[in-house]
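Each residue of the sequence shown is one higher than the one before, counting from 1 in UniProt numbering.
Ideal Cβ positions, reconstructed from N, Cα and C, are used throughout, including at glycine.
All values reported here derive from a predicted model rather than from experimental measurement.
Okay, structure first, notes after.
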Amino acid sequence: MSSGELERLTSKVAKLSGWKLAVWVGLFSLVLIGARMAWIASFQAADQPHAVNGELDLRNWEFSSTRALVLDGEWEFYPHMRWMEEERSAEAPGDSHATVQVPGPWNDAMQPDNPTPYGYGSYRLRIYVNPANEASYSIRVPSVRNASMLYINGRLHRTMGKLAETESEYAAYNVPYTATFLADGQGVIEVVVEAANYKDPRGGGIVRSLRFGTEEAVDRETKLSTSMQQLVTVVLMMHAVYAFFLYLLGRRERILLLVSLLAVSVMLLFMLSSEEKPLSFWFLINYEWGFKLVHLSMVGIAYALMNCIKNWAPRRWRTIYPGLGSVCAIATALALILPAHLLILIQPGYFLLTGGALFTAIVFMLRASVNNSRDNVYLLLAAIALTNNAVWTYVGMKIKVMYYPFDLIVATLCFMLVWFREYFRAHMEAKRMAAKLQEADIQKDRFLANTSHELRNPLHGILNMSQAVLDRERQWMDEKSVKDLGVVLTVGRRMSQMLDDLLDAVSLREGAPRLLPQRIALQAIVAGVMDMLQFMTERKPVRMDNRIPESFPLVWADENRVAQILFNLLHNALKFTEEGEVVVMAEVRGKLACIRVRDTGVGMDESTLQRVFEPYEQGQSGSRVFEGGFGLGLGISKQLVELHGGKLHATSRAGVGSEFVFTLPLAEDQTSSCASEREAHRLPATSRPLAASEAAAAREPAAIAEPEDTIGLRPRILVVDDDPVNLSVMESILSSENAELFLATNGKQALEALERQEWDLVIADVMMPRMSGYELARAIRGRFSVTELPILLLTARSRTEDIVNGFLSGANDYVTKPIEVLEFKARVRALTEVKLSAHERLQMEAAWLQAQIQPHFLFNTLNAVIALSDIDPERMRGLLEIVAEFLRSKFRLRQMNALAPIQEELQLVRTYLDIEQVRFEERLQVVWEVEECGDLQIPMLTIQPLVENAIRHGVMPKLGGGTVRIRVVRRDAHAEITVEDDGNGIEEEKQARVLDPRTKPEVGAGVGLLNTDRRLRRIYGQGLHIDSKPGQGTKVSFVVTKELEE
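Listed below in structure tokens is the structure:
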């Protein structure tokens, strides 16, 4: 019966008026009494004869197949004699016997002058039946204290216990048994029961009525009696188990344990002391433990019953409960310690304890039902049924009848209904309170969500203003102020992340967010998330390890949400790990991918582990509490995993570490029509908005004007993405941009492409295997500045931390997925124009370098020509030819980034050096160490600026001049070119600024070094290497890669 049905039933009964209630109670009592009397009548044999002087004449009795007789009356009794052994001996038993009343103890007959319950003896009864009746007969023996042997017509049929003439050889065991037999030819049945008792002080012998009849009748009554007792057992067991599980699964109320204890105690008492003793047949219980369990159950009944009715007891009675608990504890200890024969001596005390509790319970129940009859109707009915059972139990000692269970069952049911009604009332009240709390929780979430929205704008204003002040005033602020303002920004960003988590939690509670599943690579996402969180490992010895192989199957999930899940789990792991490692692993389990995030942090105890996914839970380890955040990240991750059809759980050991495991479906198992359609069109799930936007752009061709190609070159764009489908989409989008595209599927291919030629823009996905987009951006920035090669990052993550991390890695711009095509094209055009502008600037610098012929150089050269015309005309003509060749080389039109034979560059250098040697004569010494170069090619004007710089700023400032050494060394994979002088050298501080593009050029700075370095880096991936010491000279070198040159 449910709580609602019970509540409705009790409310209907409670609405009965006083006289109607009295009528119903009266009818209930009459039904109980009538049912009991009908039961007695159905099993009581009318005018049954009784045994007289050891004989029972049933020759004229009509035996029924449904009803047995009781063998009550006068039996022959032979004290201190075993009848069958005497009969078999040479001497006959004689007439030394007495007659005893059966059932009843043998105390007076055993020793008339000094009655005793102890000893042994034999009962004998002769039954006369009609010899013409050839039916099988049975005798049911319920109890013979405390060992017995049953003989029928001289034949042993059953033995119970070990019967002996001395106590040392005697073994007590007393359970019911049945014997089946036939009468002899004259219709005589001689029944002999040999018995012994050396333990039970109450009395020995046959203490309960033996039942006799046809085999069918005895068997039927035995089965019926056993069934009735088992019915009571089952009813009590059901209530005991029901109450116990309500206690375990519910509110842990003590009353439920008491109800369960009461039901179990009553059940044990009936199963061990009733006529059939069913527990003795189910379990092998010896004589000693049978008595102990009976007395323990009596104590359990008294204690549980008195505590169950405590609320109905008058206030003054409640003072006895501490003493009652002590009495029950003593009684329990005695039942466990004392042997059976001593325990029987104090058995009246147990009867008094149990009977007193029962009587008190009936009185209190009647009193409570009378005082408030409408609310305690079932309590009144239980009291009536219990009283009826007690009265008829006493009457049943005089009237031999089959065991009757129904009034006890009715009393138990009514009693349980009373307690369960109270429990269900409390349960309904708890449900109403829970509903109110849930509504309050919803209001709380709404309040927090609204508050979060209201706080975001001012918080971002504070962050932006603080960042602006820090950037603007950093050079005038002291170190502590800069540090404090940095702390303000850190705390503010943490608050912003907390507000985002709070909004996510509220969104998940109000309804599942829309997922955009697609085929994604876990290894790439993990690499990208680890890159985002690398800053958390900077100040502690913690290593992050991505152990997911590149060959791991793709999963079907929302990339943005999976990144959020991993971000929360890894952030949590790093937060609670002071040293060691944080590892991410994955394995395939059937149709699922199982991802593990394991750390060697502080771990969690069992109580914390049980609450770890609950909202607003903060982790702690011992006395240390880890603060920061609302405690929502793990709960959000669990809900997001479940939205994908997976599960998230955690295991942990305090002081060892924790492991979070979640599952996602594998992509191979997705066969929906949408997935098939996307595969057919080569469009991933995230590109659906992108494709729609592209269609819109096609319908609106005038939305963005096409840029004019001012330099006649198509922009070269390098697109990097691990998903070939996404690469196809990018190619489709950028096909209308008049751009030259190269598609790479990983960072390694992208870097190799950068080695082969010059690029105007790199578009890279953040989440890629082996090398994330962040790592690729940092690698590119090691060779190119933000203007030399712009980078556009693509990702599904749009949080502020992700965008900042992208810019810190060197990206020029950031586009989030799903991509809007018009916006994407606009950003691509802007970045390619930046690159083209930088290219034009570099060309102008190169042109300036190519065209620079300083006036003083021409003036000095012409003076040298004039001087030689008087003293050495031949040398003058040679010098003029050299000057002419030098000017032709200087003004030769050639693409500055194009490669030319090294011989042309060396010829230009020789020409220049010839002129300078004519000018400076002995002050300038030149040493050539040039190996055979073959067809080696290098960019134009790369060696000559280095030589000119060595002469102007290295050798000539010295009073005595110096030496310039030009060295070209050819290796297998590269060639190394070095220009070395023994001039004044460069100071260390100035040396660091020579190749820094952010340094403003100084008057008299190095000639063309920065331009040469930038061109070499763009072509070969590495620029000039300067090694200089003041007063010792300078060595400038660079490397030409042979593969690229070829």
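Count the other CB atoms, across all protein chains shown, that sit within 10 Å of the CB of residue i; report buried if there are 16 or more and exposed otherwise.
i, result
"residue 348", "exposed"
"residue 222", "buried"
"residue 491", "exposed"
"residue 146", "buried"
"residue 339", "exposed"
"residue 705", "Reliability fails at residue 705, whose pLDDT of 34 lies under 50, so the model's placement of it is uncertain and no value is given."
"residue 1038", "buried"
"residue 895", "Low local confidence applies: a pLDDT of 47 at residue 895 is under 50, so the model's placement there is unreliable, with the coordinate-based value given in what follows. With fewer than 16 other Cβ atoms within 10 Å, it is exposed."
"residue 724", "exposed"
"residue 944", "buried"
"residue 337", "exposed"
"residue 443", "exposed"
"residue 962", "buried"
"residue 185", "exposed"
"residue 574", "buried"
"residue 23", "exposed"
So the alpha helix (DSSP H) residue i belongs to, where does it begin and stop?
i, result
"residue 573", "559-575"
"residue 523", "522-532"
"residue 149", "That residue, residue 149, is in no alpha helix (DSSP H); its beta strand (DSSP E) goes 147-152."
"residue 1047", "For residue 1047 there is no data in the structure shown, the boundaries of the chain being 1 and 1046."
"residue 645", "Taken as a continuous stretch (DSSP letters only), residue 645 belongs to no alpha helix (DSSP H), as it is neither H nor E."
"residue 322", "321-337"
From the DSSP output, which residues share a beta bridge with residue i?
i, result
"residue 1012", "Its beta-bridge partners do not exist; DSSP assigns none."
"residue 1029", "1033"
"residue 181", "137"
"residue 928", "966"
"residue 121", "79, 195"
"residue 586", "595"
"residue 986", "Residue 986 pairs with nothing; no bridge assigned."
"residue 652", "658"
Let me know the secondary structure DSSP gives residue i once reduced to three states.
i, result
"residue 732", "helix"
"residue 959", "coil"
"residue 602", "coil"
"residue 742", "strand"
"residue 748", "helix"
"residue 197", "strand"
"residue 106", "coil"
"residue 439", "helix"
"residue 540", "coil"
"residue 944", "helix"
"residue 392", "helix"
"residue 422", "helix"
"residue 33", "helix"
"residue 718", "strand"
"residue 160", "strand"
"residue 355", "helix"
"residue 126", "strand"
"residue 1041", "strand"
So residue i is in the beta strand (DSSP E); what residue range does that whole segment cover?
i, result
"residue 914", "Note, residue 914: premise wrong, no beta strand (DSSP E); alpha helix (DSSP H) at 902-920."
"residue 187", "From DSSP, residue 187 is part of no beta strand (DSSP E); its letter is neither H nor E."
"residue 74", "73-79"
"residue 1079", "An answer regarding residue 1079 cannot be provided, because it is not within the stretch 1 to 1046 covered by the chain."
"residue 111", "No beta strand (DSSP E) contains residue 111, which DSSP labels as neither H nor E."
"residue 211", "211-214"
"residue 976", "974-981"
List the whole-angstrom C-beta distance separating residue i from residue j, where the pair is believed to meet the contact cut-off of C-beta under 8 angstroms.
i, j, result
"residue 1052", "residue 194", "Because residue 1052 is not part of the residues shown, which for the chain are 1 to 1046, the question remains open."
"residue 31", "residue 73", "35 angstroms between Cβ atoms; not a contact."
"residue 297", "residue 268", "4 angstroms"
"residue 552", "residue 523", "6 angstroms"
"residue 211", "residue 130", "Not really, about 19 angstroms apart at Cβ, beyond 8 angstroms."
"residue 572", "residue 633", "6 angstroms"
"residue 654", "residue 604", "6 angstroms"
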